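Mapping of the sequence shown onto numbering that gives the first Met the number 0: position 94 corresponds to residue 93, and the numbering continues sequentially without gaps.
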Amino acid sequence: MEEGEVTRAIKITFVAAAILGLGLGSYLGYSEANQISNSLESHQYITPSIVASDFARIQFMHADTDHARQAVMLQIRLLEQLEQADKTYHEDGTLWLAYIRLAMIEEAAGRPDAEQSALTQARAIHSPNYPHDQEPTYDELKNGVLRLDKEFDNL
Numbered sequence: 000m001e002e003g004e005v006t007r008a009i010k011i012t013f014v015a016a017a018i019l020g021l022g023l024g025s026y027l028g029y030s031e032a033n034q035i036s037n038s039l040e041s042h043q044y045i046t047p048s049i050v051a052s053d054f055a056r057i058q059f060m061h062a063d064t065d066h067a068r069q070a071v072m073l074q075i076r077l078l079e080q081l082e083q084a085d086k087t088y089h090e091d092g093t094l095w096l097a098y099i100r101l102a103m104i105e106e107a108a109g110r111p112d113a114e115q116s117a118l119t120q121a122r123a124i125h126s127p128n129y130p131h132d133q134e135p136t137y138d139e140l141k142n143g144v145l146r147l148d149k150e151f152d153n154l
């Protein structure tokens with residue numbers, strides 16, 4: 000092999016490697032950027048829902064029934080609006096918990112019709128997770144909410 004042929008072979012190899020590297024690097028870079036973008040997009044929903052949930056939980060534990068009801072209704076409306084605004088957003092179970100809290104607030108306020116309405120909403124959201132004969136009772140749901148609240152206070 001002559002020196003000119005070796006130089007040409009090296010140039011062709013270099014150009015092929017550069018094109019392959021740029022192509023593969025562009026693809027992997029795009030994939031990584033897309034994942035980061037999706038992650039940041041999910042934070043735009045997670046942060047407001049966490050703030051509303053914490054506020055509702057604190058009001059539920061420490062405020063009178065009217066203020067607790069307002070805070071929980073704010074949380075419920077926010078979660079429902081987030082789901083309506085972006086069909087890919089699915090709340091992580093906090094909506095049925097909010098409805099259980101609302102039922103508990105209505106029970107404490109002596110409003111049995113509103114309590115049953117909130118419980119019906121909670122069951123409609125939560126029941127698909129359980130077979131009909133294994134569905135938790137209202138007392139079990141209330142105790143679950145109280146346990147979760149106690150755990151959050153310990154964090």
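Ideal placement from N, C-alpha and C gives every residue a C-beta, glycine not left out.
Just so it is clear, the structure is predicted and the values come from calculations on it, not from any experiment.
Query                                                                                                                  : Result
Cβ-based neighbour list, Gln58, same chain, cut-off 6 Å, excluding 5 preceding and 5 following                         : His66, Ala67, Ala70
Presumed contact (8 Å Cβ cut-off) between Ala102 and Leu118, rounded CB distance                                       : 4 Å
Residue of Trp95, Ala32, Gln74 minimising C-alpha distance to Val50                                                    : Gln74
Integer-rounded CB distance, given that Ser48 should sit under 8 Å from Thr163                                         : No information on residue 163 is available, as it lies outside the stretch 0 to 154 that the chain covers here.
Same chain, Cβ closer than 7 Å to Ala107, five either side skipped, listed in chain order                              : Thr64
For Pro47, the three-state DSSP class (helix, strand or coil)                                                          : helix
Contact under 8 Å by Cβ, Ile99 with Leu140                                                                             : yes
Segment limits, alpha helix (DSSP H) that includes Glu82                                                               : 64-84
Neighbourhood of Trp95 by C-beta distance below 7 Å, restricted to the same chain and skipping five residues each side : Ala121, Ile124, His125
Alpha-carbon to alpha-carbon, Gln34 and Thr136                                                                         : 40 Å
DSSP state of Arg100 mapped onto helix, strand, coil                                                                   : helix
Rounded Cβ spacing between Asp148 and Met60 (contact assumed at less than 8 Å)                                         : 6 Å
Coil, strand or helix - Gly28 by DSSP                                                                                  : helix
Ser30 classed as buried or exposed, judged by whether at least 16 other C-beta atoms fall within 10 angstroms          : exposed
Through-space distance from Leu27 to Glu4, alpha-carbon basis                                                          : 34 Å
Closer than 7 Å: Tyr29 CB and nearest the ligand NAD heavy atom                                                        : Annotation note on the ligand NAD: not contained in the displayed structure, which lists no ligands.
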